[in-house]
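The next block holds one structure in the form of structure tokens; read it before the comments.
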Amino acid sequence: MLNILVVREMRAPDLVTPDEGVSSTLARGECRVALDPVTAGKLARHLDSSVSDTSDAIVHVESGAGRHAHFDDAAYAAQAGVAVVAEADIAAARAAADLVLCVRTPSESQISEFREGAVVVALMTPYQNPQLITKLASQGLTSLCMEFVPRISRAQSMDALSSQAGVAGYHAALLAANESSVFFPMLTTAAGTVRPARVVVVGAGVAGLQAIATAKRLGAQVWAYDIRAAAREQVESLGAKMIDTGVDASGEGGYARELTDDERVQQAEALARHMGDAHVVISTAAIPGRPSPRIISREMVEGMKPGAVLVDLAAEGGGNCELTEPGKRVEHAGVTVLGPLDMASSLAVNASEMYAKNLFNLLTPFMKDGELTLDFEDAVLGPMRLTDGGRITHDDVRARAEDAA
1 MLNILVVREM
11 RAPDLVTPDE
21 GVSSTLARGE
31 CRVALDPVTA
41 GKLARHLDSS
51 VSDTSDAIVH
61 VESGAGRHAH
71 FDDAAYAAQA
81 GVAVVAEADI
91 AAARAAADLV
101 LCVRTPSESQ
111 ISEFREGAVV
121 VALMTPYQNP
131 QLITKLASQG
141 LTSLCMEFVP
151 RISRAQSMDA
161 LSSQAGVAGY
171 HAALLAANES
181 SVFFPMLTTA
191 AGTVRPARVV
201 VVGAGVAGLQ
211 AIATAKRLGA
221 QVWAYDIRAA
231 AREQVESLGA
241 KMIDTGVDAS
251 GEGGYARELT
261 DDERVQQAEA
271 LARHMGDAHV
281 VISTAAIPGR
291 PSPRIISREM
301 VEGMKPGAVL
311 VDLAAEGGGN
321 CELTEPGKRV
331 EHAGVTVLGP
341 LDMASSLAVN
351 ASEMYAKNLF
361 NLLTPFMKDG
371 ELTLDFEDAV
381 LGPMRLTDGG
391 RITHDDVRAR
401 AEDAA
């Protein structure tokens, strides 16, 4: 029977202790867990429909793994087929696991405890973690990168980037409203009518669309900017107005292609005009595994209203704004620039549940008779394979790792 392990995520102390202007709201560290208790039990029952208690556990959860997502050990232990691994037994559990489920890439010390041939599934941030990817390969682990789930219809229910981006976009709008110096909705008061806030959302991917929808629900007037012409219909369906730049940079896989120098100037001028009228800007333009595109210059921020707020959701990739400092609050020319990290962790309960369902939908088609058989000819699994047989199998990631060595 397949032995599944849910690891306790690493939480870097410098991301959770406010210091030198770092806000615990902006850099909270990883709070999610790879499986919530209900999905852990569901996965155990999928592997063995006869399981009725925890005496023959299939899914093992490291003690405290769900604590920061508000799932205590007792909630896991109550699920048939699920057992909580005591602190003293974690090393042995890691050495025995056939399938290791994580949110983030395991640390080097964790990786060294997994047995050769085990399968590790996580959001790997492979381009930013070449040393960890190299360690996965040298340890003889097969790893699946959740960022590389292909954007095809069949894989929509497995797409962790989309599920977690939706969480981040929602919370970005709430963070912006909390930091803003003006009301989001129009208010009619005895002192007169208060006009609604003007919000500009940069990037109309999953995070941007959720930010638009949330800002609209809060009553703001919303404009959206995206260099993909195909985004207009989705933006307008949510009641926002599309900023017309005259540039269409639609690329493969639903992402934008790189702009030419002339196109950059043209789109910057159009965006700057709207930012000058905005009370809030929420920037969401990110390309998985690569540095975030620089869209907002210092001069564009200086042209914004005093008291305006810019929330840069692309901070983990360096930020869309020239002034963004990941995990920090920057005050410049009367404008507050926020670079929040780990935004999906801000709603750890739902984010964990959604990620767990992504994993369940990804893995269960390859589980039969209590075993996991991965088919790398499959249209979903093939592109996700990062390491296998002692080597990095993804060409771009291997080249990046070799350059970093």
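First residue of the sequence shown? That's 1 in our numbering, and the numbers climb one at a time after it. Even glycine gets a Cβ: it sits at the ideal position worked out from N, Cα and C.
Residue i, DSSP secondary structure in three states
i, result
"Q156", "helix"
"H279", "coil"
"R228", "coil"
"T188", "strand"
"R329", "strand"
"T448", "There is simply no residue 448 to check, as the chain begins at 1 and stops at 405 in what is shown."
"R391", "strand"
"I296", "strand"
"T214", "helix"
"R115", "coil"
"R198", "strand"
"V397", "helix"
"D336", "Correcting the residue type first, residue 336 is Thr in the shown sequence and not Asp. The answer is strand: DSSP assigns T336 an E or B state."
"V309", "strand"
"M10", "coil"
"L47", "helix"
"L271", "helix"
"L341", "strand"
"T105", "coil"
"H70", "coil"
"D36", "coil"
"Q139", "coil"
"Q131", "helix"
"V247", "coil"
"F360", "helix"
"A204", "coil"
Beta bridge counterpart(s) of residue i as assigned by DSSP
i, result
"L5", "H60, V100"
"E371", "K368"
"C145", "A122"
"R193", "For the record, residue 193 in the displayed sequence is Thr; it is not Arg. Per DSSP, T188."
"M242", "A224"
"A83", "H60"
"V167", "Its beta-bridge partners do not exist; DSSP assigns none."
"D89", "DSSP lists no partner for D89."
"L175", "DSSP, once it has assigned bridges, lists no residue as partnering L175."
"R385", "L144"
Residue environment, residue i, which counts as buried when at least 16 other CB atoms sit within 10 Å
i, result
"S181", "exposed"
"P306", "exposed"
"G339", "buried"
"R400", "buried"
"A137", "buried"
"F114", "buried"
"V22", "For V22, the predicted structure reports a pLDDT of 39, less than 50, and the residue's modelled location is therefore unreliable. A value from the coordinates is still provided. It counts as buried."
"T17", "Annotation note: pLDDT 39 at T17 (below 50); position unreliable, coordinate value reported separately. Per the 10 Å Cβ criterion, exposed."
"A187", "The residue asked about is misnamed: residue 187 is Leu in this sequence, not Ala. Classification of L187: exposed, given that the 10 Å Cβ count is below 16."
"A91", "exposed"
"R154", "exposed"
"F376", "exposed"
"R398", "buried"
Proximity to residue i [Cα-Cα], best of the options
i, options, result
"A96", "M1, S107, A215", "M1"
"A315", "E30, V194, M343, S163", "M343"
"A286", "V247, A57, I295", "I295"
"A220", "E402, H279, P150, I90", "H279"
"D56", "V84, E331, W223, K216", "V84"
"A40", "F360, D378, R398", "F360"
"I133", "I152, R104, S153", "R104"
"S297", "L175, F184, A93, N320", "N320"
"A268", "R154, V301, S157", "V301"
"G246", "A229, L238, S237, A240", "A229"
"K357", "C31, K42, A379, G29", "K42"
"H274", "G239, A224, P293", "A224"
"E30", "E263, Q79, K241, C102", "C102"
"R391", "V6, A379, Q131", "Q131"
"F148", "E236, S345, L141, S162", "S162"
"S107", "D89, I152, A86, K135", "K135"
Contacts around residue i, its chain only, beta-carbon distance under 7 angstroms, and the 5 residues preceding and following it disregarded
i, result
"R8", "E62, G64, A65"
"C145", "M124, P126, M384, L386"
"I58", "M1, L2, I4, A44, L47, D48, V51, G81"
"L323", "R298, V301, V330, H332, V337"
"A231", "A204"
Neighbourhood of residue i by C-beta, 6 angstroms cutoff - its chain only, sequence neighbours within 5 removed
i, result
"D396", "none"
"V33", "A65, G66, A69, S352"
"M211", "The question names Met, yet the displayed sequence has Ala at residue 211. So the qualifying residues of the chain are G169, A172, A173, V201, I282."
"S109", "none"
"G334", "P306"
"A215", "A173, V199, V222"
"T284", "G203, A207, G208, L313"
8 angstroms CB neighbourhood of residue i in its chain, flanking five on each side removed
i, result
"L372", "L2, D98, L99, V119, L363, F366"
Within-8 angstroms CB hit, residue i to chain C
i, result
"A173", "Reference to chain C is not applicable here, since this structure consists of a single protein chain."
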